[in-house]
Structure formats: C-alpha cells, structure tokens
C-alpha cells in the first residue's frame, strides 16, 4: 500500500541517509538516557540526604534521652544505696554493655574484611573462561558437575542474593 497520494511508492533512502538517521537517533537516545539517569540520581541523592539528616537529628535526640535515662537510673539506685555506689554500679553496667557491643562489632567487622566482591569476581572469571572456551582454573571445558555444589558462579551469586 502506498503512503503517497499519487499512488507511487516513496523513494528509498540511501545508505548514507540511513547512517545519518541512525547516528542522529542514537545520539538523541543516549542524551535522553543520560538525562534520565541524572534526574533519577538527583532525586535519589536528595532523598538520601534528607534521610541522613533525619537520622542525625534522631541520633542527637537519642543521646539526650539516653542521658536522662541514665540519670534516672542513677537517681533510682541512689535511693537504695549511697550515691557513690549507685554511680559505680551504673558505670560498671555501662562498661559491660560497651565491651559486649565492641566484641560483637569487631567480629562482624572481621567477617566483612577484606571488602572484595568474591561472588562477582568468580562470575567474571567464569565469563572470561566462557569467552576463552574453558574453565579459568583448569583450562578445560567447563562442566557444572565438576563444582562441589553443582552450581555455576552466576547461580551461586543469585542464590546468595536470594538467601539474604
């Protein structure tokens, strides 16, 4: 069917014209994608900044509240025992809590060090091996049954993400 009023077919564009249109459309598409990404990142950064500010305010107020709660605990203990002993008991309890939190924090920090994405690195090595046509460690064709869990690095990565 013809798009022209006189019944003739429209002229076919030349290769040069097609390349020009492709270049122009690709440039417009890339600029639009960059603009969208900038807008999205700006919005997310603004929301993150507001969220961080609210957390800081909440943290400061929590410290004031903690101070009042500790004073209340001291005042309550001072009714049952001398003031110096109430202050000492409260100080020892706080030191015990601090020690437990520090040990738990140290353990968690050591689990996260060194901070390298091991699953992602394994996946990249697997991709490189696939491009080369074999396993990165053994230089032979990859066989999923050879791995101890029977999963590829990509499947292991997806499983870890799903487990969290």
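In my numbering, the protein residues as written are 407 to 570.
Ideal Cβ positions, reconstructed from N, Cα and C, are used throughout, including at glycine.
Being a predicted model, the structure only gives us computed values, none of them experimental.
> When burial is assigned at 16 or more other CB atoms within 10 Å of the CB, is residue 526 buried or exposed?
Replying inline: Taking the chain shown and counting its residues from 1, the one referred to as residue 526 is at position 120. So residue 526 counts as exposed.
>> Considering Cα atoms alone, identify which of 535, 483 and 521 is closest to residue 499.
In response: What you label residue 499 is simply residue 93 of the chain shown in a count that begins at 1. Cα-wise, what sits closest to residue 499 is 483.
>> Taking 8 Å as the cut-off, does the region 492-511 touch the region 470-483 (at least 3 CB pairs, one atom from each stretch)?
In response: Yes: at least three Cβ pairs fall under 8 Å.
>> At the level of alpha carbons, what is the spacing between residue 416 and residue 431?
In response: Reading the chain shown from its first residue, position 10 is the one you call residue 416. Reading the chain shown from its first residue, position 25 is the one you call residue 431. Cα to Cα, residue 416 sits roughly 21 Å from residue 431.
>> On the CB-based measure, 16 or more other CB atoms within 10 Å of its CB, does residue 426 come out buried or exposed?
In response: As a first step, residue 426 is located in the chain shown; it is residue number 20 there, counting from the start. Exposed, because fewer than 16 other Cβ atoms sit within 10 Å of the Cβ of residue 426.
> Is residue 519 helix, strand or coil by DSSP?
Replying inline: Here residue 519 refers to the residue found at position 113 of the chain shown. DSSP places residue 519 outside both helix and strand once states are collapsed to three, so it counts as coil.
>> Could you tell me which whole beta strand (DSSP E) segments of length 3 or greater appear in the region 419-448?
In response: none
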